[in-house]
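What follows is a set of notes on a single structure, which appears directly below.
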Amino acid sequence: MGMQAGQETVGSVLRFYQAAKGLSTDALAESLGMSTSTYRRILSDDTVVKAPAWFCLLDGLRLAPSEVAPLLPADYFPLQSAYATLSDTISPATRAFLLDHEVIAGPTQAYRDQLEATYQRTGNIGYHQYAELADIFLAELAQDGDGVRAKAEQLYQELIALDSWGGFEWQLIASIATYLPFARLQVIFNRHLRHEAATNTHWATLDDHQVNLLFRSFLDNAIQERNRQDIETAIKWIRDRPITDTDLGYRALLRLCDIVVCDMAGDVTQATTLYKRLVAALRLITDEEDSLWILVAEDLWMNLVSFQIDQLD
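No gaps in the numbering here: position 238 of the sequence shown is 238 in UniProt numbering, and each next residue is one more.
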């Protein structure tokens, strides 16, 4: 028999899970890869969670459906409805594509539907939840080897056919941007302009970190495709973007644009000097998480050097 609705918390979900598994606290903590003290702290978490969050938590703990059913509150909808009933905030085409490729599971999708609905209502959710799904998708792409670009193109076609995008769709586009050709990214940015004009917001459904990755891919792809006009277009897009001075990633991108401009003008010495200064500055001011921008700078620089070598040939 499940708990009564409204009483469930993070801790109580885990206690039900522990009871269902018939494990001791120490044994369950070990099976989850955490210390007993950490697990006990989670057990005492009294944050109230609703049904979709239950499914997310239980799915993350890898419970089988037959194990989940006894844990659900008696007056909540049946488990099978949670798998079958998804909100309209995530497009049917996108959902079908992801489910078909086994990128997401029912409980996780239900939870993300709840997040999207929360965003539509309040304008505020944890974007890292979208990033988790993007990481899963990218991991699947990486396993495909030569099929990565074809798969990214397939998802692009699914997404671009939709009338509008929410945070879920923007997150996926940002995730596959590296695998899309420059022309595809131009279409995406044109859609962004229409979205911005309609809402008077700047990438309202995507966090700055993902936006910057998308812009970086825009510039990186232009360089890889060896097209000076595309490079100039990408730089204009980046420089025209309204942004706050506190956005480290965007400021790093602006410096990368300066480096590319110098290099394209034939001043390789100055470009090299600016690049070394940028990396040195990033190493001084970024923490471990933000060190991504050092990798971004290094990758783009290597592509730029490769481009110049091709020009000499």
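For every residue, glycine included, the Cβ atom is placed at its ideal position computed from N, Cα and C. As the structure is a computational prediction, the values presented were derived from the model and not from experiment.
Query	Result
Spatially closest choice to residue 222 from 266, 15 and 304, by CA coordinates	304
Spatially closest choice to residue 252 from 23, 274 and 37, by CA coordinates	274
Run of the alpha helix (DSSP H) containing residue 233, from where it starts to where it stops	228-240
Residue 11 in three-state terms, based on DSSP	helix
Beta-carbon gap between residue 152 and residue 188 smaller than 8 Å	no
Inter-stretch contact at 8 Å, needing at least 3 Cβ pairs: the stretch 231-241 / the stretch 259-272	yes
Simplified DSSP assignment, three categories, for residue 377	Since the first and last residues shown for the chain are 1 and 313, residue 377 lies out of range.
Where the alpha helix (DSSP H) containing residue 156 begins and where it ends	148-160
Nearest-angstrom beta carbon gap, residue 300 and residue 230 [assumed within contact, 8 Å]	Between residue 300 and residue 230 the Cβ distance is about 14 Å, and since that is not below 8 Å, they are no contact.
Which listed residue (265, 179 and 297) has its alpha carbon closest to that of residue 280	297
Reduced DSSP secondary structure (H/G/I, E/B, other) of residue 267	coil
Nearest residue (CA-CA) to residue 183, options 217, 161, 271 and 22	217
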